[in-house]
Amino acid sequence: MIIEPKTRGFICLTSHPTGCEKNVLNQIDYIKSKPSTTNGPKKVLVIGASTGFGLASRITSAYGSEASTIGVFFEKPPSEGRPASPGWYNSAAFETQAHKDGLYAKSINGDAFSHDIKAQTLQLIKEDLGEIDMLIYSLASPVRTHPDTGKRYKSVLKPIGDTFTNNTVDFHTGVVKEISIEPCSGDDIDNTIAVMGGEDWQMWIDLLKSENVLSKDFKTVAYSYIGPSLTEAVYRKGTIGKAKDHLEATAFKITDSLKDINGKGYVSVNKALVTQASSAIPVIPLYISLLYKVMKEEGIHEGCIEQIERLFNERLYAEDLQLDDAGRIRVDDWEMRDDIQAKVLELWKDATTETLPNIGDLEGYKTDFFNLFGFNVEGVDYDKDVNEMVAIPGLQE
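Quick note on full-length UniProt numbering: the sequence shown kicks off at 1 and runs consecutively.
In structure tokens, the structure reads:
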């Protein structure tokens with residue numbers, strides 16, 4: 001079939017297998033171009049392995065230090081005439097190439113919050129790897145069914161206390177407009193923490209530790225974001241920020257629980273990037289459009305793979321983690337440089353529908369957005385028939 005992008009709001013309803021494959025191969029080539037991490041991880045579990053930072057973590061582990069990887073994700077498989085979700089095609093492309101290159105790579109598709117998927121993953125580790133020395137936690141689900149109570153929680157993106165009003169951009173049309181978001185109410189904060197906080201990360205670690213499949217000097221990393229003053233009311237000081245606070249506090253609890261194996265839990269604060277999650281956050285698309293322009297002009301722009309390669313090689317497996325006062329790894333350091341933020345703030349004041357094409361990088365934003373789904377990727381012929389029925393070679397049934 002010929003597959004074209006079909007969008008609704010901040011999501012794309014279709015994905016392109018060849019475009020997704022090219023994206024994955026480009027990321028693999030990037031890691032291959034970097035010095036290998038000789039002391040890097042060798043047996044890695046990635047929770048949320050199919051897109052964004054999770055996918056980049058899997059690629060960096062496999063091709064940066066020849067790690068065996070198990071990926072856990074929740075993706076929609078293809079059916080005749082209906083493409084799979086992009087994470088399915090990403091995982092298929094990664095595993096196909098990894099197997100060609102002699103690397104162990106297997107995957108489990110299902111709800112990572114559930115006891116069943118945790119048990120299935122544990123069994124696979126025991127049978128194939130024996131133990132793991134790294135767990136990457138990179139889930140970005142908006143909902144969670146609690147495995148013990150069966151209660152379904154839904155996260156919300158809202159400010160706390162006051163209505164938030166600022167500008168945003170519809171990245172499809174380029175129209176800059178004011179948006180207002182009403183403050184949270186009721187159980188919104190608790191629900192958001194239940195979905196996006198650290199409880200599930202802790203549950204994974206507790207299970208794997210109790211079953212003795214964590215190696216000595218084991219490391220685990222979850223991903224977070226802080227961002228600038230422009231977005232803090234709706235992000236870091238909003239409901240999501242409360243969940244991120246909980247996630248970051250969980251890292252210390254995990255480290256404490258792993259003392260006997262000299263294990264460590266870390267949170268890495270990463271830069272703002274175009275992801276399916278960030279596209280849904282008002283204000284963020286406009287901020288990223290301006291940020292991209294400034295960082296590209298300064299020659300310090302990074303995508304997911306560049307961020308994670310730097311995290312692994314310059315922080316996690318280097319001598320100096322460069323932790324901040326709150327004990328977090330900061331690879332958002334270039335984004336948050338005073339000079340970068342000052343330039344973005346100045347541009348923000350002048351951002352309108354008319355000025356944005358010149359002062360921002362809306363085209364870069366749109367390209368990155370469509371790339372997430374395998375579209376607008378250089379070197380791909382989108383007029384060509386493609387087979388949507390792509391299998392993931394290491395998928396466990």
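For each residue, glycine too, the CB sits at the ideal point set by N, CA and C.
Identify whether residue i lies in helix, strand or coil by the three-state DSSP scheme.
i      : result
Asn262 : coil
Phe369 : helix
Asn191 : helix
Arg236 : coil
Leu330 : Rather than Leu, the amino acid found at residue 330 in this sequence is Arg. In the structure shown, Arg330 sits in a strand (DSSP, three-state: E or B).
Lys253 : helix
Ala277 : coil
Tyr317 : coil
Leu230 : coil
Lys209 : helix
Arg337 : coil
Leu395 : strand
Ser185 : coil
Leu214 : strand
Would residue i pass as a contact of residue j if the rule is Cβ separation under 7 angstroms?
i           : j      : result
Leu55       : Asn90  : yes
Arg330      : Asp339 : no
Val377      : Asn371 : yes
Pro282      : Ile160 : no
Pro41       : Ala62  : no
Ser15       : Pro86  : yes
Ile59       : Gln27  : yes
Ile47       : Ala98  : no
Ser289      : Tyr365 : yes
Ile181      : Val143 : no
Asp361      : Tyr287 : no
Thr121      : Val72  : yes
residue 400 : Lys158 : Here the chain covers residues 1 to 397 and nothing more, so residue 400 does not appear.
Lys237      : Ile193 : no
Asp368      : Val294 : no
Val195      : Tyr153 : yes
Glu95       : Gly303 : no
Ser50       : Glu75  : yes
Thr278      : Leu311 : At residue 278 the sequence reads Ser, which differs from the Thr that was named. No, these two residues do not count as a Cβ contact at 7 angstroms.
Ser300      : Trp348 : Note on residue identity: the sequence assigns Ile, not Ser, to residue 300. No, the Cβ-Cβ distance between Ile300 and Trp348 is not below 7 angstroms.
Pro83       : Glu297 : no
Gly52       : Ile31  : no
Gly374      : Cys20  : yes
Gly197      : Leu247 : yes
Gln322      : Ile108 : no
Leu13       : Lys22  : no
Asp332      : Lys271 : yes
Glu309      : Lys118 : no
Val390      : Pro17  : yes
Val156      : Thr239 : yes
Asp101      : Lys43  : no
Going by DSSP, what residues sit across from residue i in a beta bridge?
i      : result
Lys76  : In DSSP, Lys76 forms no bridge with anything.
Leu45  : Ile70, Leu135
Tyr153 : Arg144
Thr168 : Lys177
Lys219 : Met134, Lys264
Arg310 : For Arg310, which the question treats as bridged, DSSP gives no partner whatsoever.
Thr163 : Paired residues: none, contrary to the question.
Thr7   : Cys12
Ser224 : Val269
Is the shortest distance between the beta-carbon of residue i and the beta-carbons of chain D less than 7 angstroms?
i      : result
Thr250 : Structure shown: chain D not included; a single protein chain is present.
Examine the Cβ distances between the stretch 264 to 275 and the stretch 246 to 256 and report whether three or more of them are shorter than 8 angstroms.
-> yes
Would you mind listing the alpha helix (DSSP H) stretches within the stretch 85 to 149 that are 4+ residues and don't spill past its ends, in chain order?
-> 86 to 100, 115 to 124
Should the stretch 206 to 214 be regarded as contacting the stretch 181 to 191, the criterion being three or more beta carbon pairs within less than 8 angstroms?
-> no
Three CB pairs or more closer than 8 angstroms across the stretch 116 to 131 and the stretch 77 to 90 = no
Curious, which full-length beta strand (DSSP E) runs of at least 3 residues does the stretch 10 to 67 contain?
-> 43 to 47
Are the stretch 347 to 357 and the stretch 303 to 317 touching by the rule of at least three beta carbon pairs closer than 8 angstroms?
-> no
The stretch 270 to 286 / the stretch 167 to 177 touching (three or more Cβ pairs under 8 angstroms) = yes
Quick one: any contact between the stretch 190 to 205 and the stretch 135 to 149, if contact means 3 or more CB pairs under 8 angstroms?
-> yes
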